[in-house]
Amino acid sequence: MPLSILAPLLLQVGPGGALPQAPLQIPRKKDAAVAKVAGADPFDAQLRECLDLAMSRPADAIEVAQNWLAAAKTMRERAGAKQCQAMALTRIDGWAEAATLFLSAREDTPVTDLGERARLGALGGNAHLAAGDASAALIALDVAKGDAAKGSDAKLKAAIAIDRARALVALNRPDEAAAALAEARSAAPANAQAWLLSATLSRRQGKLADAQQQIERAAELMPVDPEIGLEAGVIAVLAGRDDAARKSWESVIRAAPGSDIAKIARGYLDQLGQTDAPSGR
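Under the numbering used here, the first residue of the sequence shown is numbered -19, with each subsequent residue one higher.
Pasting the structure below:
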């Protein structure tokens, strides 16, 4: 394989060699954010309404949350108001301020509610990652990991481990990142993202056999996923299996026609000499 194609493939992970950054774990799905606070308690209803507003009209939600915080009489109310404002800020890319508020909400949450403290700490760390502050993210995520370790929420443990891996890669600590991803796979073996990111990191470390096994497992869990298909092709071409790479990238174009990731796949196919890549139409 010519070096002209190897260079961009080796860099195909994200800015600065970072693992691909997913959107904020919980706010990206309205139901996931709201279900956590559903209930008959008036506080739950107030928080649910504020989070609903944050998803649709973040500027209005920020004002509502600030007024709520000013009138708050309990630590629980303070935590709810801060969480809502932070959620709204994530909708307008106010990541750094959102991180501060998520972590402040964690401090206002009772020490007996470790699950909620872990969740808020994880959100704070994820927001720091999105803001580009890997050092602050790792500090927050390490604390969240400690909180989550005392609970039984495997999905939360895996999410925290994945974000710790992203932070560690950004800090040029790949071996520790690999260990974090192993923790994620152990906590949630059916988490396709954990396997995908593991494959990406293994590939960057030159461990192509491990990368191949990990990307195959990711593909088993999510058979039609453009990111998995793109990475599978990268691993294949670096292993000298051009035909397998071509098939993977063609599948990306079929699965996500017209998308940015399809454009990347088409560019890779062009470098392989592909002349009749599927249009996706």
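Think of the CB as a built atom: it goes at the ideal place given N, C-alpha and C, for glycine as much as any other residue.
Check	Outcome
Coarse secondary structure for Ala245, derived from DSSP in three states	helix
Of the listed residues Arg246, Leu151, Ala168 and Glu57, nearest to Leu311 (C-alpha basis)	With the chain covering only -19 through 261, there is no way to say anything about residue 311.
Unbroken alpha helix (DSSP H) run spanning Gln185, endpoints	No alpha helix (DSSP H) contains Gln185, which DSSP labels as neither H nor E.
First and last residue of the uninterrupted alpha helix (DSSP H) at Val217	Pro206 to Leu218
C-alpha distance - Ala162 paired with Arg28, whole-angstrom precision	35 angstroms
Buried versus exposed, by CB contacts within 10 Å (16 or more), Asn106	buried
Ile279: first and last residue of the uninterrupted alpha helix (DSSP H) it sits in	A query on residue 279 cannot be resolved here, the shown segment of the chain reaching from -19 to 261 and no further.
Ala168 beta carbon less than 7 angstroms from that of Ala199	no
Neighbourhood of Asp113 by C-beta, 8 angstroms cutoff - its chain only, sequence neighbours within 5 removed	Ala76 and Ala79
Contacts around Asp133, its chain only, beta-carbon distance under 7 angstroms, and the 5 residues preceding and following it disregarded	Gly95
Nearest candidate by alpha-carbon position, reference Arg56, set Asp93, Pro206 and Ile140	Asp93
Sequence-distant residues of its chain with Cβ nearer than 6 angstroms to Lys209 (five each side left out)	The amino acid at residue 209 is misidentified as Lys; the sequence shows Gly. Closer than 6 angstroms at Cβ, skipping near neighbours: Ser228, Ser231 and Val232.
Own chain residues within Cβ distance below 6 angstroms of Tyr248, not counting five before or after	Trp229
Length of the line joining the Cα atoms of Ala160 and Leu252	34 angstroms
Beta-carbon separation (whole angstroms), Ala235 vs Pro206, contact threshold 8 angstroms	5 angstroms
Cutoff 6 angstroms; reference Ala212; Cβ partners in own chain excluding five residues on either side	Ile195 and Ser228
Proximity winner among Ala51, Gly238 and Ala117, relative to Ala147 (alpha-carbon distances)	Ala117
Distance CB(Ala66)-CB(Leu81) smaller than 7 angstroms	yes
Residues near Phe23 in its chain [Cβ-Cβ closer than 8 angstroms; skip 5 each side]	Arg56, Glu57 and Gly60
Cβ-based neighbour list, Leu188, same chain, cut-off 8 angstroms, excluding 5 preceding and 5 following	Ser182, Ile215, Leu218 and Ala219
Simplified DSSP state of Pro90, which is helix, strand or coil	coil
Simplified DSSP assignment, three categories, for Thr54	coil
Check whether Ile142 and Lys125 have beta carbons under 7 angstroms apart	no
Supposed close pair Leu33, Asp40 - CB separation, criterion 8 angstroms	6 angstroms
Cβ pair Ala172, Leu201 closer than 7 angstroms	yes
When Ser239, Ala85, Ser36 and Cys64 are compared against Ala25, the one with the closest alpha-carbon	Cys64
Which of helix, strand or coil DSSP assigns to Asn47	helix
Three-state secondary structure (DSSP) of Asp113	coil
Own chain residues within Cβ distance below 6 angstroms of Pro38, not counting five before or after	Ala68, Arg71 and Ile72
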